[in-house]
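Data block below; observations after.
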Amino acid sequence: MKVKEAECPLGAKCEEVKVNKDGEQELHRCPWYVQIRGVDNNTGQETDSFACAIAWMPMLMINTANESRKGVAATESFRNEMVKQGEQTQQLLRLPVECRTPLNPYSHNLDRSNPYSLTVDQLPKHAL
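Shown next, in the form of structure tokens:
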């Protein structure tokens, strides 16, 4: 069975040569007859061709979906890295709290060998 490409469903031609009133030939091109340049994802080769914008729609929609998926994957990867770094930061912040004794500026029996023990005189003025 032969497969033939049908006429434009809008009743136009993509490109048509017409003679104007001065007798000169003019190329009339449909505004939807567009040129697409890029890389074909299936073959990896550069593409530079003209076709109807309506005919390009399925391929462009697939390409848009693929690019969207890449963006989602990058966002998810970034989120996972931020979670990992947040957990590391929390562990670092917990370490000094777990290793030191609580500050008590009103205690008279402070351990002088503990650098985290302070007297009232050693506290910054804005802390009082």
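Residue numbers (my numbering): -2 to 125. We put the beta carbon where it would ideally sit given N, CA and C, even for glycine. Only a predicted model underlies this, so the values are computations on that prediction, with no experimental measurement involved.
Here residue 57 is not bridged, per DSSP, to any residue. Secondary structure remark: continuous alpha helix (DSSP H) runs of at least 4 residues inside the stretch 24 to 83: none found. For residue 4, there is no enclosing beta strand (DSSP E), since its DSSP letter is neither H nor E. Going by beta carbons, residue 27 and residue 9 fall inside the 9 Å limit.
Taking residue 2 as reference, the option from 45, 49, 38 and 15 with the minimal CA-CA separation is 49.
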